[in-house]
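J.: Residue numbers (the working numbering), protein chains in the order written: chain Y, 22 to 449; chain D, 3 to 581.
I'd like to ask some things about the structure below.
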Amino acid sequence: MASDPLKVLIVAVYHPDLVKGGSQQVAYELFQELSGRDDVQPVLLAAANGRDSILFRPDVRIAGFDGRPNEYLYLTHDYDHWWQKNADPALTEAYVAFLRATAPDVVHFHHFLNIGVDIISLTRRILPSCRIIFTFHEFLAICQADGQMVRRTDRSLCRKPSPIRCHQCFPERHPDEFAVRKLWFSQHLDQVDEFTCPTRFMIEHYVDWGIPREKISWVTNGQQSYAPPGARSVPARKPPNRFGYFGQLHDSKGVHVVFRAVNILRSEGFTDFRVEVNGDNIHFASSAMQAEIQDFLAAEAALPPNERIVIENGAYDLDQLHRRMTTIDWSIVPSIWWEIFGLVISEAWMFGKPVICSNVGGMAERVQDNVDGLHFEMGNPRALADAVRRACTEKGLWERLHGALPEPPTRALMADLFTAMYRRPAQR
Amino acid sequence: MSVHDDRSSPADSPEQGPDRTAPPFDEALYLRAFPDVTVAIEQGQITSGLDHYRMAGQAEGRLTHAAYLREFEAVMGPPPRVTVDSPLRAPCGAMLIVGWTDDQEDALTEIIVDQPGVRPRPTGAIARLRRPDVEAAVGGTMINGASLHPFGFWAFAGPDPDPSAHESNPEDHCPMQLCFRSGKRQISEQRLEPVSNVALMTKVLDGLARAEYHGDRLIETFAILDGGMGDQIVALNRMITQSITSRAIAERFGPKRSKLLGSIIVPIEDRRNPLFVQARAFSMQAGSDAYEFIYVINNPDLIEPLCREAHIAAQTYGVSITLVMYPGNAGFACANNIAAGFAGSKRLLFVSPDILPRAPDWARTHARVIADRPGHETRLFGPRLYHGDGSVTDGGLYLDVEKRISGHANGITRRSVLRVEPLETNAPIGITQGTSQPTSSRPVLAITDAFISMERGWFERLNGFSEDYVGHGHADADLCLRSLAAGTVAWTHDLPMWHLGGRITTQSPAQDGGSLVDRWLFSRAWQPVLGEELLGPTPNHPLLAVTTEPPAQVTTPERPAPSRSRRAAPARTKSGAGA
Chain Y
22 MASDPLKVLI
32 VAVYHPDLVK
42 GGSQQVAYEL
52 FQELSGRDDV
62 QPVLLAAANG
72 RDSILFRPDV
82 RIAGFDGRPN
92 EYLYLTHDYD
102 HWWQKNADPA
112 LTEAYVAFLR
122 ATAPDVVHFH
132 HFLNIGVDII
142 SLTRRILPSC
152 RIIFTFHEFL
162 AICQADGQMV
172 RRTDRSLCRK
182 PSPIRCHQCF
192 PERHPDEFAV
202 RKLWFSQHLD
212 QVDEFTCPTR
222 FMIEHYVDWG
232 IPREKISWVT
242 NGQQSYAPPG
252 ARSVPARKPP
262 NRFGYFGQLH
272 DSKGVHVVFR
282 AVNILRSEGF
292 TDFRVEVNGD
302 NIHFASSAMQ
312 AEIQDFLAAE
322 AALPPNERIV
332 IENGAYDLDQ
342 LHRRMTTIDW
352 SIVPSIWWEI
362 FGLVISEAWM
372 FGKPVICSNV
382 GGMAERVQDN
392 VDGLHFEMGN
402 PRALADAVRR
412 ACTEKGLWER
422 LHGALPEPPT
432 RALMADLFTA
442 MYRRPAQR
Chain D
3 MSVHDDRSSP
13 ADSPEQGPDR
23 TAPPFDEALY
33 LRAFPDVTVA
43 IEQGQITSGL
53 DHYRMAGQAE
63 GRLTHAAYLR
73 EFEAVMGPPP
83 RVTVDSPLRA
93 PCGAMLIVGW
103 TDDQEDALTE
113 IIVDQPGVRP
123 RPTGAIARLR
133 RPDVEAAVGG
143 TMINGASLHP
153 FGFWAFAGPD
163 PDPSAHESNP
173 EDHCPMQLCF
183 RSGKRQISEQ
193 RLEPVSNVAL
203 MTKVLDGLAR
213 AEYHGDRLIE
223 TFAILDGGMG
233 DQIVALNRMI
243 TQSITSRAIA
253 ERFGPKRSKL
263 LGSIIVPIED
273 RRNPLFVQAR
283 AFSMQAGSDA
293 YEFIYVINNP
303 DLIEPLCREA
313 HIAAQTYGVS
323 ITLVMYPGNA
333 GFACANNIAA
343 GFAGSKRLLF
353 VSPDILPRAP
363 DWARTHARVI
373 ADRPGHETRL
383 FGPRLYHGDG
393 SVTDGGLYLD
403 VEKRISGHAN
413 GITRRSVLRV
423 EPLETNAPIG
433 ITQGTSQPTS
443 SRPVLAITDA
453 FISMERGWFE
463 RLNGFSEDYV
473 GHGHADADLC
483 LRSLAAGTVA
493 WTHDLPMWHL
503 GGRITTQSPA
513 QDGGSLVDRW
523 LFSRAWQPVL
533 GEELLGPTPN
543 HPLLAVTTEP
553 PAQVTTPERP
563 APSRSRRAAP
573 ARTKSGAGA
């Protein structure tokens with residue numbers, strides 16, 4: 022006789038249909054995949070900004086989403102970004118009622134941002150025997166600087182977080198405040214049964230921080246493929262001189278490194294290449310970065326069409342990905358932070374595009390230099406310029422790297438790995 | 003005629019009354035000022051002006067009458083220049099008068115405020131301080147560009163026994179008499195700006211902290227406080243705290259448990275280290291259900307957010323939280339005393355908001371210490387404290403005498419004052435002071451208020467924390483010394499706690515002023531009775547020897563019971579929301 026399906030509550034930082042972003046995309050892909058399986062009964066609880074919305078009744082804290090089955094919105098507001106918690110007792114009460122009503126066997130958190138890190142402890146108290154899984158999508162538990170582990174002092178990557186070093190990034194806060202912050206996060210995360218990271222380098226950061234090694238493991242992010250059959254085998258142009266940037270236009274994503282590299286190559290007289298910029302959200306960038314991006318794009322747009330190298334295509338949805346990918350040969354991922362996983366890498370691979378990326382973090386882990394892609398020194402426009410020139414001019418390079426491209430991880434694979442974890446007996 | 007030669011000194015007579023600081027009596031001036039007296043002499047009703055003064059003039063305040071003062075000034079010359087900057091009056095009758103006077107030749111001796119409908123009131127001791135702005139303008143005897151004369155003054159009178167009269171005329175102007183040694187007086191019409199009792203207290207403490215002196219700041223401050231201002235400040239503080247706490251109410255969140263091992267009492271006055279962080283840290287571990295939280299809100303602005311936070315914390319962690327709230331800041335001692343009245347257990351844990359357990363089994367460790375150690379070692383004890391910089395202390399405090407010298411134009415003053423210092427037992431980083439070897443349990447002279455675990459019965463027998471203290475820097479040591487005087491020394495045990503109180507903020511001047519008052523109060527109370535064997539980081543008193551034997555009968559310092567407010571039974575406790 023078949024056993025009852027496993028009830029899994031997936032908690033996400035946002036709903037990707039309302040706010041785009043990698044972690045919510047992965048959570049939703051997992052929800053969709055599990056929804057198609059008989060042995061799992063998933064429920065999605067995605068945070069949404071309740072204050073901005075006029076669609077909800079004022080007394081509602083957890084609402085449905087357009088009547089979609091098993092999809093709910095957790096209407097957060099007055100969120101405390103230092104302690105990562107909500108300040109509304111009614112929201113806590115609503116979550117308790119929701120937990121009791123759904124009675125999940127497993128609660129799988131994809132982040133605590135917007136949800137509140139204390140909700141993990143609450144989940145444990147209300148459902149003492151449920152399995153709690155937590156997937157890290159960046160380093161927010163470790164690093165108050167947007168979870169990026171990038172030093173605010175010089176924008177270098179942080180490898181040794183500590184109260185005093187954190188105080189250097191936030192001089193207005195005493196080192197003791199960071200010690201208390203760490204205790205606060207640790208005590209809540211201590212209620213988690215198993216942690217996962219989509220890349221292995223992350224695991225070392227979290228183990229160094231204090232997560233027991235035996236409780237943390239790798240589970241890849243998976244996606245459905247947005248590419249039509251045969252898209253991976255489309256050959257490149259001759260020469261392969263079309264590059265694409267996909268992502269947000271803010272500081273850490275490093276689009277400015279591309280622009281600076283373009284300036285270098287142009288000054289050297291190397292202009293037989295094009296870069297297409299896909300993405301927006303420039304308003305999240307610092308004012309200095311906004312100015313640099315806007316000035317560059319304005320100057321580029323002012324050039325005669327035959328002299329333009331960079332073309333701005335604007336924002337895109339996943340269903341537009343195919344069209345945007347057909348016009349490029351390479352995908353550049355120039356992030357100037359660790360870049361945890363890089364869904365854009367998977368998306369490039371779906372369409373058979375080798376990736377040129379910064380040589381750190383999730384990018385360096387996933388893309389093998391000179392095997393299935395190219396690395397360049399993070400944040401160094403000269404290094405990227407050299408990589409671009411090589412990509413355009415080295416005969417057979419594109420074909421060799423393209424031939425070694427891995428299959429992007431599927432969401433079925435991701436769901437298989439998580440399901441095995443869900444069914445593991447509780448150690449607590 | 004010489005005014006000085008003829009003075010009959012009626013003002014020095016025992017029946018001082020309203021003429022206590024009047025200019026000296028002078029027969030000729032008296033008759034010149036008051037023709038009615040001359041008429042009475044001529045009619046044979048009295049024999050002299052002095053006869054009149056004694057029979058009626060003194061009661062009528064004739065020596066401070068404008069007519070007499072005019073005659074007096076005509077002979078003696080005008081009084082020294084005086085400027086009153088900011089006279090303040092609180093509803094309780096307390097007054098603060100700040101200003102400056104060039105009284106290098108004729109010292110200011112008293113200030114009398116003559117409010118309409120209220121008996122004239124002297125302000126008490128006048129504190130003198132430097133006023134660099136006046137020095138630049140007036141000059142005087144200078145050394146290295148600085149005047150030696152303290153031109154500034156401030157006078158403070160504490161609560162009036164009959165404050166109702168002050169509330170009736172809040173806007174009235176009133177004459178203020180500034181009296182000088184020669185008998186001259188300056189009549190200054192002033193408007194006493196009405197301020198709240200709390201605002202006046204803050205102003206006084208702020209002024210105490212900001213005052214500039216010739217000589218050592220601590221000695222000069224203590225001298226001012228010795229002169230009567232210290233007791234006046236304590237009286238005002240007690241009046242304020244009584245008024246605030248008489249309106250205390252409590253709200254309960256979370257489950258109400260019947261069998262409690264301890265009540266964790268936490269006074270909160272700012273947003274540093276929020277309630278929910280501590281509630282989480284102390285909860286959700288073996289044995290922690292046997293403890294309740296009592297948070298005392300020493301800041302009305304925090305009542306609403308803390309109610310929300312307590313509600314969430316009670317639901318999230320299943321903890322029992324009582325919030326005690328009142329409309330003001332009653333200070334550390336008063337807050338803890340009030341909270342103790344709401345405790346549902348026989349053990350009180352007085353804990354700072356910045357204390358967090360270092361090990362997940364703190365509740366069991368605390369219970370084990372109490373169960374395993376002899377009773378006299380756990381009646382009053384503190385934990386081992388781990389600090390953010392990596393240093394470790396056992397929460398013990400020691401006392402020492404600090405010898406200070408103050409030099410100024412009037413001479414050199416020596417004074418010894420008590421100082422309270424932390425005992426560092428295992429400090430790999432920073433300054434090491436005190437005993438070099440860490441011990442898991444040992445008696446100490448005092449323990450820090452960061453964490454005090456205490457039998458409730460013993461706390462009540464000691465009458466709680468002394469509410470004379472304005473801040474909270476010395477009330478802990480005072481409590482421990484009173485415990486010692488009553489026969490029980492404080493101990494520290496190996497209960498590991500984080501003490502993470504560092505903040506990028508500095509104390510306000512008023513808080514600094516409060517600390518000065520507390521140190522003065524503590525030194526005054528304990529310095530005369532503490533013997534050498536109790537001083538220093540390694541005191542030799544038999545009670546402080548490490549032994550598990552019950553203490554023998556030994557001589558301990560004696561001190562009268564502390565001053566603590568009499569207050570009604572704690573206000574009602576509501577059953578609030580909670581899981």
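Here a beta-carbon is modelled for each residue, glycine too, at the ideal position from N, C-alpha and C.
From a predicted model like this one, the values you see are computed outputs, not experimental measurements.
Taking the straight line between their C-alpha atoms, what separation do you get for residue 264(Y) and residue 180(Y)?
T.: Rounded to whole angstroms, residue 264(Y) to residue 180(Y) spans 31 Å at the Cα level.
J.: When DSSP labels each residue in this structure, what does residue 86(Y) get in the three-state scheme?
T.: Correct three-state label for residue 86(Y): coil.
J.: According to DSSP, simplified to helix, strand and coil, what is residue 253(Y)?
T.: Reduced to three states, the DSSP call for residue 253(Y) is helix.
J.: Taking residue 375(D) as the reference, which of 497(D), 402(D), 255(D) and 398(D) has the closest Cα?
T.: Per the Cα distances, 497(D).
J.: Measuring CB atoms only, is the region 285-299 of chain D touching the region 389-398 of chain D, in the sense that at least three cross pairs come out at less than 8 Å?
T.: Segments in contact, no.
J.: How about residue 289(D): is its C-beta nearer than 9 Å to some C-beta of chain Y?
T.: By this cut-off, residue 289(D) is not an interface position.
J.: Answer with yes or no whether the minimum CB distance from residue 139(Y) to chain D is below 9 Å.
T.: True, the Cβ-Cβ gap to chain D drops below 9 Å.
J.: What does residue 115(D) pair with, by DSSP beta-bridge criteria?
T.: Answer is 123(D) and 178(D), bridged to residue 115(D).
J.: In the structure shown, what three-state DSSP assignment does residue 486(Y) receive?
T.: The question about residue 486(Y) has no answer, for chain Y in this structure spans 22 to 449.
J.: Applying the 10 Å Cβ sphere with the 16-neighbour rule, what's the burial state of residue 420(Y)?
T.: That one is exposed.
J.: Is the distance from the Cβ of residue 193(Y) to the Cβ of residue 502(D) below 9 Å?
T.: Their beta carbons are not under 9 Å apart, which means residue 193(Y) does not touch residue 502(D) by this criterion.
J.: For the region 294-315 of chain D, enumerate the residues whose C-beta is nearer than 8 Å to any C-beta of chain Y, in chain order.
T.: From the region 294-315 of chain D, only 307, 310, 311, 313 and 314 have a Cβ closer than 8 Å to chain Y.
J.: Does any residue of chain D have a CB that is nearer than 9 Å to the CB of residue 122(Y)?
T.: Residue 122(Y) does not count as touching chain D.
J.: Below 7 Å on C-beta distance, what does residue 230(Y) contact in chain D?
T.: Within 7 Å Cβ-Cβ: nothing; residue 230(Y) doesn't reach chain D, min ~17 Å.
J.: In this structure, what does DSSP give as the bridge partners for residue 286(Y)?
T.: Paired residue(s): none; residue 286(Y) is not in a bridge.
J.: Taking residue 358(D) as the query, report the chain Y residues whose CB atoms sit under 8 Å from its CB, ordered along the chain.
T.: Under the 8 Å cutoff, chain Y gives 201 and 204.
J.: Please compile the residues from chain D whose C-beta is within a distance smaller than 8 Å of the C-beta of residue 193(Y).
T.: Ordered by position in chain D, the residues that pass the 8 Å Cβ test against residue 193(Y) are 506.
J.: Since residue 220(Y) and residue 387(Y) should fall inside the 8 Å C-beta cutoff, what is the C-beta to C-beta distance between them, to a whole number of angstroms?
T.: With 8 Å as the limit, residue 220(Y) and residue 387(Y) qualify as a contact, their Cβ atoms being about 7 Å apart.
J.: Taking the straight line between their C-alpha atoms, what separation do you get for residue 225(D) and residue 539(D)?
T.: Whole-angstrom Cα-Cα distance: 28 Å.
J.: Only counting the same chain, and skipping five residues up and downstream in sequence, which positions put a Cβ closer than 7 Å to that of residue 290(D)?
T.: If we look at residue 290(D) and ignore the five residues flanking it on each side, its Cβ neighbours are 284 and 365.
J.: How many angstroms separate the CA atom of residue 437(Y) from the CA atom of residue 297(D)?
T.: Rounded to whole angstroms, residue 437(Y) to residue 297(D) spans 48 Å at the Cα level.
J.: If we ignore side chains and look at the alpha-carbon of each, how far apart do residue 39(Y) and residue 446(Y) end up?
T.: If you take the alpha carbons of residue 39(Y) and residue 446(Y), they lie about 35 Å apart.
J.: According to the neighbour-count rule (16 or more other Cβ atoms, all chains shown, within 10 Å of its Cβ), is residue 508(D) buried or exposed?
T.: Exposed, by the Cβ-count rule.
J.: Thinking C-alpha only, which one of 354(Y), 359(Y), 358(Y) and 379(Y) is nearest residue 367(Y)?
T.: Closest by alpha carbon: 354(Y).
J.: Going residue by residue through the region 451-511 of chain D, where are the continuous beta strand (DSSP E) segments of at least 3 residues, counting only ones entirely within it?
T.: If we require 3 residues or more, the beta strand (DSSP E) runs fully inside the region 451-511 of chain D come out as 453-457 and 492-501.
J.: Under the rule that 16 or more other beta-carbon atoms within 10 Å means buried, what is residue 379(D), buried or exposed?
T.: That one is buried.
J.: Helix, strand or coil: how does DSSP classify residue 294(D) here?
T.: Of the three classes helix, strand and coil, the one that applies to residue 294(D) here is strand, per DSSP.
J.: Taking any Cβ of chain D, which residues in the region 151-173 of chain Y have a Cβ under 9 Å from it, in chain order?
T.: Residues passing the 9 Å Cβ filter: none.
J.: Suppose you measure from the CA of residue 408(D) to the CA of residue 221(D); what does that come to, to the nearest Å?
T.: One C-alpha to the other measures close to 7 Å.
J.: Beta-carbon within less than 6 Å of residue 156(Y)'s beta-carbon, same chain only, minus the 5 sequence neighbours each way: which residues are those?
T.: Closer than 6 Å at the Cβ level, and outside the excluded window around residue 156(Y), lie 131 and 217.
J.: Is it buried or exposed, residue 216(D), if we count other Cβ atoms within 10 angstroms and call 16 or more buried?
T.: It counts as buried.
J.: Taking the runs of the beta strand (DSSP E) that are 3 residues or longer, which of them lie wholly in the region 313-373 of chain D?
T.: Entirely contained in the region 313-373 of chain D, the beta strand (DSSP E) runs reaching 3 residues are, in chain order, 323-327, 349-353 and 357-359.
J.: What three-state label does DSSP hand residue 243(Y) in the structure shown?
T.: Here residue 243(Y) sits in coil by DSSP.
J.: If I measure Cβ to Cβ from residue 139(Y) and keep anything under 7 Å in the same chain, skipping five residues before and after, which residues do I get?
T.: 106 and 209.
J.: Taking the alpha-carbon positions, what's the residue 62(Y) to residue 55(Y) distance?
T.: Each residue's Cα considered, the two are about 7 Å apart.
J.: According to DSSP, is residue 269(D) part of a helix, a strand, or is it coil?
T.: In this structure, residue 269(D) counts as strand in the three-state DSSP scheme.
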